[in-house]
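Quick note on numbering: the sequence shown equals residues 19 to 134 in the numbering used here. Virtual Cβ for every residue (Gly too), placed ideally from N, Cα, C. Keep in mind the model is a prediction, meaning the values are calculated, not measured. Scroll down for the structure; my scribbles are underneath it.
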Amino acid sequence: MEPSSCKLTLVVPSDAGDRIVELMLGADPPITGFTTWRADGHGESFTAASIGEQVRGRVERSVFVAVMTCDRARTLINEIASKAPIPHMVYWLEPVLEFGRASFTAPQPILDGAPR
19 MEPSSCKLTL VVPSDAGDRI VELMLGADPP ITGFTTWRAD GHGESFTAAS
69 IGEQVRGRVE RSVFVAVMTC DRARTLINEI ASKAPIPHMV YWLEPVLEFG
119 RASFTAPQPI LDGAPR
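The following block contains the structure:
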């Protein structure tokens, strides 16, 4: 993978998750092949937390992860900031040394103790 490739991780309040998906899919070119999941955040401030989140001691978050060029990741962060600023959004970039898809073959029967 080229040296300028990176993994972008975005963590946003759960209610902003759909906006991020729309921005990523509506970007030019679209950001595809990303992964999302729900998480609990344990941050410094609970000023915007709901009463339920304050009682639980954690806030609901959506996490997005995508591999792309670092330049594209920075552009996407700027697009989010200008088109749909999201309070309490955090992000980070990590270098990606290698990226690929594993290609597995069908299991082979074992005959006489050795795969055939």
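Task: Touching by the beta-carbon criterion (3+ pairs, under 8 Å), the region 24-33 and the region 102-120 - done: yes
Task: Burial state of G35, where buried means 16 or more other Cβ atoms lie within 10 Å - done: The residue you call residue 35 lines up with position 17 of the sequence shown. G35 should be labelled buried.
- [ ] State buried or exposed for L43, treating a residue as buried only when at least 16 other CB atoms are found within 10 Å of its CB.
- [x] Start at 1 with the first residue of the sequence shown, and residue 43 comes out as number 25. It counts as exposed.
Open item on the list: Rounding to the nearest angstrom, what Cα-Cα distance links L111 and S121 in this structure?
Closed with: Within the sequence shown, numbered from 1, the residue matching residue 111 stands at position 93. Within the sequence shown, numbered from 1, the residue matching residue 121 stands at position 103. Their Cα atoms are separated by approximately 27 Å.
Task: Simplified DSSP assignment, three categories, for G118 - done: Looking up residue 118 in the sequence shown gives position 100. Coil.
- [ ] Tell me whether A99 sits in a helix, a strand or coil according to DSSP, three-state version.
- [x] Here residue 99 refers to the residue found at position 81 when the sequence shown is read from its first residue. A99 falls in the helix class under three-state DSSP.
Open item on the list: Could you tell me the alpha carbon to alpha carbon distance between T53 and S80, rounded to whole angstroms?
Closed with: Residue numbering aside, residue 53 sits at position 35 when the sequence shown is read from its first letter. Residue numbering aside, residue 80 sits at position 62 when the sequence shown is read from its first letter. Cα-Cα distance, rounded: 10 Å.
Open item on the list: Suppose you measure from the CA of W55 to the CA of E78; what does that come to, to the nearest Å?
Closed with: Numbered from its first residue, the sequence shown carries residue 55 at position 37. Numbered from its first residue, the sequence shown carries residue 78 at position 60. Those two C-alpha atoms are separated by around 11 Å.
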